[in-house]
Amino acid sequence: MSAILQARELVSGYGDVRILHAVDLSVAEGGITAVLGSNGAGKTTLFRTLAGLLAAGAGHIEFCGSPIETLPSHVRVERGVVLVPEGRLVFPDMSVEENLRIGSVNARARSKCSKTLSTVYDLFPRLDERRSQAAGTLSGGEQQMLALGRGLMALPKVLLLDEPTLGLAPTMAKQIFEIIPNLVELGLSILIAEQDVHRTLQCAQFGYVLENGKVAVSGTGPELMQTPAVSEAFLGH
Amino acid sequence: MDILFSPQLLFSALVLGALYALIALGLNLVYGTMRLLNIAHGDLVMIGAYAAFWLFTLTGISPLIGLPVIAVLTAGVGVALYSVLFRGQLEGTQSVAQLEANSLLLFFGISVVLQNVMALAFTASPRAYRHLDDVYHVAGVAMTGNRVATLLIAVLVLAGVVIFLKSTIYGLAVTALIQSRDAAKVVGINVSQVQVGSFALGFGVAGIAGALISMAEQISPFMGFPFTIAAFVVIILGGLGNIAGGIIAGVLLGFIEIYAVALTSATYRSILLYGIFVGVLLIRPQGLFGKTRGG
Ligand SMILES: Nc1ncnc2c1ncn2[C@@H]1O[C@H](COP(=O)(O)OP(=O)(O)OP(=O)(O)O)[C@@H](O)[C@H]1O
Ligand SMILES: [Mg+2]
Chain V
862 MSAILQAREL
872 VSGYGDVRIL
882 HAVDLSVAEG
892 GITAVLGSNG
902 AGKTTLFRTL
912 AGLLAAGAGH
922 IEFCGSPIET
932 LPSHVRVERG
942 VVLVPEGRLV
952 FPDMSVEENL
962 RIGSVNARAR
972 SKCSKTLSTV
982 YDLFPRLDER
992 RSQAAGTLSG
1002 GEQQMLALGR
1012 GLMALPKVLL
1022 LDEPTLGLAP
1032 TMAKQIFEII
1042 PNLVELGLSI
1052 LIAEQDVHRT
1062 LQCAQFGYVL
1072 ENGKVAVSGT
1082 GPELMQTPAV
1092 SEAFLGH
Chain F
10 MDILFSPQLL
20 FSALVLGALY
30 ALIALGLNLV
40 YGTMRLLNIA
50 HGDLVMIGAY
60 AAFWLFTLTG
70 ISPLIGLPVI
80 AVLTAGVGVA
90 LYSVLFRGQL
100 EGTQSVAQLE
110 ANSLLLFFGI
120 SVVLQNVMAL
130 AFTASPRAYR
140 HLDDVYHVAG
150 VAMTGNRVAT
160 LLIAVLVLAG
170 VVIFLKSTIY
180 GLAVTALIQS
190 RDAAKVVGIN
200 VSQVQVGSFA
210 LGFGVAGIAG
220 ALISMAEQIS
230 PFMGFPFTIA
240 AFVVIILGGL
250 GNIAGGIIAG
260 VLLGFIEIYA
270 VALTSATYRS
280 ILLYGIFVGV
290 LLIRPQGLFG
300 KTRGG
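As given, the protein sequences belong to chains V and F, one line each in that order.
Taking the working numbering, the leading residue of the first sequence gets 862, the next gets one more, and so forth.
Taking the working numbering, the leading residue of the second sequence gets 10, the next gets one more, and so forth.
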């Protein structure tokens, strides 16, 4: 499989503080790629840099073969690189439907907004029932669905999912994991950061383990399950 | 106590309230989307008033006809200020507190410059013109044509802006940026486009307010400051960045001012305005209707 999104020697951080040190990573086209790492490893920093919310200090980001590291975030969204951020970041005082509609603000998605909206409501009937409710009053799980649905409204080619099950009850988390393969069938490529290593490696074809802002190990799901770095850090107690 | 039920007072309060709501709208948009404190906002009202004055005295064209041109003129001032001074401020990674403080200083400077340039160009003496000042009597209320027009146009513009914000994707983008800059970038909003649009819309509306005011009041280069204060009172009352709250608060302030002055004396007008300002800051700094979002 070829790479749709690629980071090469990517460096990023906050002010003078470097967090990512030369990260190399590929997101396979039409596949699920996982980023694992303990708290503070730099997963969110990586995702925000890929989405253009944080400027890359050095290195390159390539999307569909062309460099995007200097493009502002809205242009990356329009090209198809879409982040579903950690902590959801829904617009609290806007209704569920307004949150979804603003998801297709980019020029490519705008004209198809109504059609995408019904697809998203089919995927998340819960959101359909709550169209006019203020997003801030949704439960955590519903907000996560909304964040995911809002990401889909942008008609992404690559979806960057930063801990989509964080803080969710097990049944809710299970639902999210059941939806992810459906997204791939819709033609999306996915990069996912997760704490639930078992589930993540079950659905991902390839994974990277991030440690202190560097890729420590990478490999297929079964390979990573075997590596001491993963089994000790995440699976063994 | 009879005066409290006078339709005349009610009419005056509505006119003043609608104007306050109109003026505060622009201040709220610029603060809400960018956290810039525009202490020069009233001076845009002044520029709109002068534009209307000269349009009328030189060409005889009614300010009502000229409103679109006047709005474009003050919107242009907004776009120019954004491009030259504030785009850079906003792009540098600064904290909200830093942005607020820097913008306050910058706008203070802009205010001084605008007032003095206008005073140099057109003298500091107050000016006025007569336009649509025939008095009509309707249901016991004596109203001049220009005040009726002011009320109608202010309500139309307010309604137009609210509908724009609520039901177009551009308006939704403005609301989104007010609620969360980070999330606005996540969903792919072109933030700098929304920012320049907010300057244009906010300043354009201020210009319209100035043109309307000039039909009924004396104008001078220094007329803007009380409007700046009134607009700050309104947006703090209504909740910073809360557009609908600001409109309600604008009308409310119009009522408070008209009725309080009627009950006491016009000499207390500015004391009242500053008193409410300080009072609200002390008692309910989050406003009556709550902020749309913190920093
Ligand atoms: N805004 C910020 N300013 C300064 N440092 C930050 C900022 N955000 C994160 N960091 C630091 O960057 C490092 C990496 O954080 P990051 O959020 O990328 O980790 P993460 O892998 O996503 O962790 P988690 O699993 O807890 O979400 C941490 O040491 C964190 O303290
Ligand atoms: Mg994180």
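We put the beta carbon where it would ideally sit given N, CA and C, even for glycine.
Reduced DSSP secondary structure (H/G/I, E/B, other) of residue i
i	result
proline 294 (chain F)	coil
arginine 44 (chain F)	coil
glycine 69 (chain F)	coil
threonine 830 (chain V)	Residue numbering for chain V in the displayed model covers 862 to 1098; residue 830 (chain V) lies beyond these limits and cannot be assessed.
glutamate 1072 (chain V)	strand
valine 966 (chain V)	coil
phenylalanine 116 (chain F)	helix
alanine 22 (chain F)	helix
arginine 949 (chain V)	coil
proline 928 (chain V)	strand
arginine 139 (chain F)	coil
glycine 180 (chain F)	helix
glutamate 1039 (chain V)	helix
aspartate 885 (chain V)	strand
methionine 955 (chain V)	coil
glutamate 870 (chain V)	strand
glycine 151 (chain F)	Here residue 151 (chain F) turns out to be alanine, not glycine, going by the sequence shown. Reduced to three states, the DSSP call for alanine 151 (chain F) is strand.
glutamate 1055 (chain V)	coil
glutamate 890 (chain V)	coil
alanine 919 (chain V)	strand
glycine 169 (chain F)	helix
glycine 303 (chain F)	Because glycine 303 (chain F) carries a pLDDT of 38, less than 50, the predicted location of this residue cannot be relied on, and the following value inherits that uncertainty. Of the three classes helix, strand and coil, the one that applies to glycine 303 (chain F) here is coil, per DSSP.
glycine 250 (chain F)	coil
Rounded straight-line distance, which links the Cα of residue j to that of residue i
i	j	result
serine 279 (chain F)	glycine 250 (chain F)	25 Å
alanine 931 (chain V)	alanine 916 (chain V)	With the sequence shown as reference, residue 931 (chain V) is identified as threonine, and alanine is not the correct amino acid for it. Whole-angstrom Cα-Cα distance: 8 Å.
glutamine 188 (chain F)	threonine 1061 (chain V)	33 Å
valine 122 (chain F)	asparagine 37 (chain F)	23 Å
alanine 1077 (chain V)	threonine 910 (chain V)	19 Å
glutamine 227 (chain F)	leucine 141 (chain F)	15 Å
leucine 23 (chain F)	glycine 41 (chain F)	25 Å
arginine 156 (chain F)	isoleucine 257 (chain F)	20 Å
leucine 28 (chain F)	serine 229 (chain F)	18 Å
leucine 1029 (chain V)	threonine 980 (chain V)	24 Å
serine 993 (chain V)	serine 1000 (chain V)	15 Å
valine 884 (chain V)	leucine 871 (chain V)	5 Å
phenylalanine 20 (chain F)	leucine 291 (chain F)	31 Å
valine 203 (chain F)	tyrosine 982 (chain V)	28 Å
serine 887 (chain V)	glycine 1012 (chain V)	21 Å
threonine 905 (chain V)	aspartate 52 (chain F)	45 Å
histidine 1098 (chain V)	alanine 996 (chain V)	Unreliable positioning characterises histidine 1098 (chain V) in this predicted model, as indicated by a pLDDT of 39, which lies under 50. A coordinate reading is not provided.
asparagine 960 (chain V)	threonine 66 (chain F)	49 Å
glycine 154 (chain F)	valine 943 (chain V)	54 Å
tyrosine 145 (chain F)	isoleucine 265 (chain F)	25 Å
leucine 165 (chain F)	serine 207 (chain F)	19 Å
isoleucine 56 (chain F)	valine 86 (chain F)	10 Å
phenylalanine 1038 (chain V)	phenylalanine 1067 (chain V)	16 Å
threonine 977 (chain V)	tyrosine 875 (chain V)	36 Å
Proximal chain F residues relative to residue i, where beta-carbon distance stays under 8 Å
i	result
arginine 971 (chain V)	Ile178
methionine 955 (chain V)	Leu181, Thr184, Ala185 and Gln188
arginine 1011 (chain V)	Val196
asparagine 1073 (chain V)	Under the 8 Å cutoff, chain F gives no residues; its nearest Cβ is about 24 Å from asparagine 1073 (chain V).
Per-residue contacts from residue i into chain V (C-beta, under 7 Å)
i	result
asparagine 199 (chain F)	His935
Cross-chain neighbours of residue i in chain F, by beta carbon under 7 Å
i	result
proline 928 (chain V)	Result: empty, since nearest Cβ-Cβ is about 19 Å, beyond 7 Å.
arginine 939 (chain V)	Note on identity: in this sequence residue 939 (chain V) is glutamate, with arginine being the wrong assignment. By Cβ distance, chain F contributes Gly197.
glutamate 959 (chain V)	Leu181
asparagine 967 (chain V)	Gly197
Beta-carbon neighbours of residue i, restricted to chain F and to distances below 9 Å
i	result
glycine 964 (chain V)	Val196 and Gly197
alanine 1015 (chain V)	Val196 and Gly197
leucine 914 (chain V)	Asp191, Lys194 and Val195
Proximity test, residue i beta-carbon vs ligand 3 heavy atom, cut-off 7 Å
i	result
alanine 912 (chain V)	No copy of ligand 3 occurs in the structure displayed; its ligands are ligand 1 and ligand 2 alone.
Within chain V, the residues that residue i reaches when beta carbons sit closer than 8 Å
i	result
alanine 192 (chain F)	Pro946, Leu950, Val951 and Phe952
Enumerate, from N- to C-terminal direction, the unbroken alpha helix (DSSP H) stretches of 4 or more residues contained entirely within the region 191–229 of chain F.
Unbroken alpha helix (DSSP H) runs of no fewer than 4 residues, entirely contained in the region 191–229 of chain F, are found at 200–223, following chain order.
Any residue whose CB is nearer than 5 Å to a heavy atom belonging to ligand 2, listed in chain order:
Checking every Cβ against the heavy atoms of ligand 2 under 5 Å gives V:Lys904, V:Thr905 and V:Glu947.
In the region 970–1012 of chain V, which residue ranges form an unbroken alpha helix (DSSP H) of at least 4 residues, counting only runs that do not cross its ends?
Those alpha helix (DSSP H) runs which fall completely within the region 970–1012 of chain V and span 4+ residues are 974–984 and 986–990.
Which ranges would you report for the alpha helix (DSSP H) in the region 60–110 of chain F if only whole runs of at least 4 residues count?
Within the region 60–110 of chain F, the complete alpha helix (DSSP H) runs of at least 4 residues are 72–90 and 96–100.
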